[in-house]
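Undergrad: Please see the structure below; I have some questions.
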Amino acid sequence: MANFLERHRIGYKIVRESLKILLITSIINTMGGASIEAIQERLFALLPFLILLTPLNDFVGNLGTILASKFTTYLYLGKITDQHWYHNPSMRELMLKLMIIAIFCGLYLSIGAFVIAAIKGFEHGLLFSIFFLLRLVMGTLFTALLLLLILIFVTATFGWYVYKKNQDPDNFLVPLTTSIADIGTMVLFAATIHFLF
Amino acid sequence: MASETTSQGEEVTNSRANNNEKSTLFDKDFKEITVTQFVSLTGGLMAGTILSTFSNNLLIVPGLFVLYPGFLALKGEIHGSLSARLSSALHIGDVKVAPLLNKYESNKSVNIRELSQKDKKKTRHILFDNIVASLLLGVFVSILLGIAAYAVVYFIFKINNPDIILLSILAAAIANLVMIPFTIYSTLWVYKHGYDPDNIMGSYITTVGDVVGVLSLVVGIVLLI
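Line by line, the protein sequences give chains A and B.
Sequential numbering of the first sequence, starting at 35, is according to our numbering.
Sequential numbering of the second sequence, starting at 371, is according to our numbering.
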């Protein structure tokens, strides 16, 4: 057995190092899933939301990963030199870029999900459709932008702290932002459906 | 007063700097992020459409949505990491692929571009370890996800549905059997064609992983019924 593990030490190392973080994120994701399960009936009745669920989750997670890796790169390049990151031009530009992208993508997602749902037979008259689409866009943008702001704050605050402790922020920030994005999307998404519909 | 002047001065400078930076806001970075996001979101919308198409099947399994986010996250955590590891191994030369012949070399002997036996053996060894590790991680995590979903459904929603554990294992096995070879082949292919897998594979795996993940869940449900 020891000989086998020695021969396949790469595989053993991958399993050993990945398992802990995978188990933690699985539990976090399951908790996020519970909030979706709670509004399951409304989710099936409001077809655009069912279509939107998967890409919205990906989208916020992707923004979190981009933010974490960019922030770490800025730290290593010396573009961020103190903890007052909100005064930093590079950081401000990144925030603005990600917010504009979040608005574009949020619009694309909500309108896309609505159009697909309409093609699949989700249609209740013109007035209802207009108001539904407006609330759908509002809910999507609210979820995406609020989470992005939370992610920016968490990334910058914890990233600086980890960097000052001479550790690589990438190893810490990517799993952290992904987990916040996963659970945050599910909870905010469920809350949006609960309060707006 | 002096500090106010300085602060105003700084604001003016910042404002000018921001004005100058406006031209760099919609730069290469912005375009790359936007394009990859749109590709990834299109895949997500396709997965959402598949999910809504099979909504009748999904309703049969109580607590499926407790499992759903964790199940979809596997693609990033297992297949995304697999691709990132392979990409690093390719960049540092631990894993080697025979590069494509360019047009000037097409008349020469293919042998000059072939890998040595030692390189081939090392590459096979690393790929084998990565495949086995990803499969094992898939099994471990799907069991845990199933148990966690079962516990949440049982304790919060008061529904006893042990099938959700089986569904988690079965669907993850199907997804892994499709995604692991796909991830390895795509990463090597992308690198071989002169692109950086780091820039491409992330959104590519998200896009394909969403569709494969939803289809695996549906197939798993159909097989379990």
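All C-beta atoms in this analysis are idealised placements derived from N, C-alpha and C, irrespective of residue type, glycine included.
Look at the alpha carbon of CYS139 (chain A) and the alpha carbon of MET416 (chain B), and state the distance between them as a whole number of angstroms.
TA: So the two alpha carbons sit approximately 15 Å from each other.
Undergrad: Which residues of chain A have a Cβ atom closer than 9 Å to the Cβ of PHE527 (chain B), listed in chain order?
TA: Ordered by position in chain A, the residues that pass the 9 Å Cβ test against PHE527 (chain B) are ALA68, GLU71, ALA72.
Undergrad: My assumption, with CB atoms under 8 Å, is that PHE400 (chain B) sits in contact with TYR142 (chain A). Please give the rounded CB distance.
TA: Rounded, the Cβ-Cβ distance is 15 Å, inconsistent with contact.
Undergrad: Which residue comes first and which comes last in the alpha helix (DSSP H) that contains ASN426 (chain B)?
TA: Segment 425-430, the alpha helix (DSSP H) holding ASN426 (chain B).
Undergrad: I'd like the span of the alpha helix (DSSP H) that includes THR88 (chain A), first residue to last.
TA: It spans 81-111 - the alpha helix (DSSP H) in which THR88 (chain A) sits, taken as one unbroken run.
Undergrad: In chain B, what lies closer than 7 Å to LEU232 (chain A) by C-beta?
TA: This structure does not reach residue 232 (chain A), given that chain A is present from 35 up to 231, and the question cannot be answered.
Undergrad: Hey, which unbroken runs of the alpha helix (DSSP H) at 4 residues or more fall wholly within the region 490-539 of chain B?
TA: None, since the region 490-539 of chain B contains no complete alpha helix (DSSP H) of that length.
Undergrad: Could you work out which residue in B:VAL581, B:LEU536, B:ILE554 is closest to VAL502 (chain B) when comparing CA atoms only?
TA: Nearest C-alpha to VAL502 (chain B): B:ILE554.
Undergrad: Using only alpha-carbon positions, find the residue among B:LEU536, B:ARG455, B:ILE595 that is nearest to GLY572 (chain B).
TA: Taking only the C-alpha atoms, the option nearest GLY572 (chain B) is B:ARG455.
Undergrad: If ILE184 (chain A) sits next to ILE214 (chain A), beta carbons under 8 Å apart, how far is it from one beta carbon to the other, in whole angstroms?
TA: Going by Cβ atoms, the distance from ILE184 (chain A) to ILE214 (chain A) rounds to 7 Å, so yes, they are a contact pair.
Undergrad: Among A:LEU77, A:LEU57, A:ALA152, A:ALA151, which one has its Cα closest to the Cα of MET220 (chain A)?
TA: Of the candidates A:LEU77, A:LEU57, A:ALA152, A:ALA151, the one whose C-alpha sits nearest the C-alpha of MET220 (chain A) is A:LEU77.
Undergrad: Taking LYS466 (chain B) as the reference, give the member of B:LEU558, B:LEU437, B:PHE552 with the closest Cα.
TA: Answer by Cα proximity: B:LEU558.
Undergrad: Taking all protein chains shown into account, do 16 or more other C-beta atoms lie within 10 angstroms of the C-beta of GLU71 (chain A), making it buried, or fewer, making it exposed?
TA: Buried.
Undergrad: Cutting at 7 Å between CB atoms, please list the residues of its own chain near ILE496 (chain B), excluding the five before and the five after it.
TA: Excluding sequence neighbours, ILE496 (chain B) sits near ALA459, ASP464, VAL465.
Undergrad: Starting from the Cα of VAL94 (chain A), find the closest Cα among A:LEU109, A:PHE156, A:MET133, A:ASP202 and give me that residue.
TA: Cα-wise, what sits closest to VAL94 (chain A) is A:MET133.
Undergrad: For VAL548 (chain B), which of B:SER410, B:PHE435, B:LEU587, B:PHE424 has the nearest alpha-carbon?
TA: Closest by alpha carbon: B:LEU587.
Undergrad: Taking 8 Å as the CB-CB cut-off, is LEU415 (chain B) touching chain A?
TA: With 8 Å as the cut-off, LEU415 (chain B) counts as an interface residue toward chain A.
Undergrad: So, using beta-carbon positions, are SER103 (chain A) and LYS113 (chain A) closer together than 8 Å?
TA: Taking 8 Å as the Cβ cut-off, SER103 (chain A) and LYS113 (chain A) do not qualify as a contacting pair.
Undergrad: Can you find the residues in the same chain that come closer than 6 Å, C-beta to C-beta, to THR406 (chain B), ignoring five residues on each side of it along the sequence?
TA: Cβ within range, chain order: SER573.
Undergrad: Report the rounded CA-to-CA distance for ILE544 (chain B) versus GLU447 (chain B), giving the unit in angstroms.
TA: Straight-line Cα distance between these residues: approximately 16 Å.
Undergrad: Work out the CA separation of LEU485 (chain B) and LEU90 (chain A) for me, nearest whole Å.
TA: Looking at the two C-alpha atoms, the distance is approximately 44 Å.
Undergrad: Starting from THR189 (chain A), follow the alpha helix (DSSP H) in both directions and report where the run begins and ends.
TA: Start and end: 160-198.
Undergrad: So which residues of chain B does PHE78 (chain A) contact, with C-beta pairs closer than 9 Å?
TA: Those within 9 Å of PHE78 (chain A) in chain B are SER422, SER425, LEU428, LEU429.
Undergrad: Taking just the CA atoms, how far does ILE55 (chain A) sit from ALA397 (chain B)?
TA: It is Asp, not Ala, that sits at residue 397 (chain B) in the sequence shown. If I take the Cα positions, the gap works out to 35 Å.
Undergrad: Go ahead and label HIS563 (chain B) buried or exposed: buried means 16 or more other beta carbons lie within 10 angstroms of its beta carbon, across all protein chains shown.
TA: Exposed, since its Cβ has fewer than 16 Cβ neighbours within 10 Å.
Undergrad: Provide the residue span of the alpha helix (DSSP H) that contains PHE156 (chain A), from first to last.
TA: Note, PHE156 (chain A): premise wrong, no alpha helix (DSSP H); not H, not E.
Undergrad: If you draw a straight line from the C-alpha of ILE576 (chain B) to the C-alpha of LEU97 (chain A), how long is it?
TA: According to the sequence as given, residue 576 (chain B) is Thr; it is not Ile. Each residue's alpha carbon lies about 13 Å from the other.
Undergrad: Assuming VAL208 (chain A) contacts THR107 (chain A) (C-beta within less than 8 Å), just tell me the rounded distance between them.
TA: No, VAL208 (chain A) and THR107 (chain A) are not in contact; Cβ-Cβ is about 12 Å, not under 8 Å.
Undergrad: Would you check if the distance between the CB atom of ILE535 (chain B) and the CB atom of TYR520 (chain B) is smaller than 8 Å?
TA: Contact flag set, yes.
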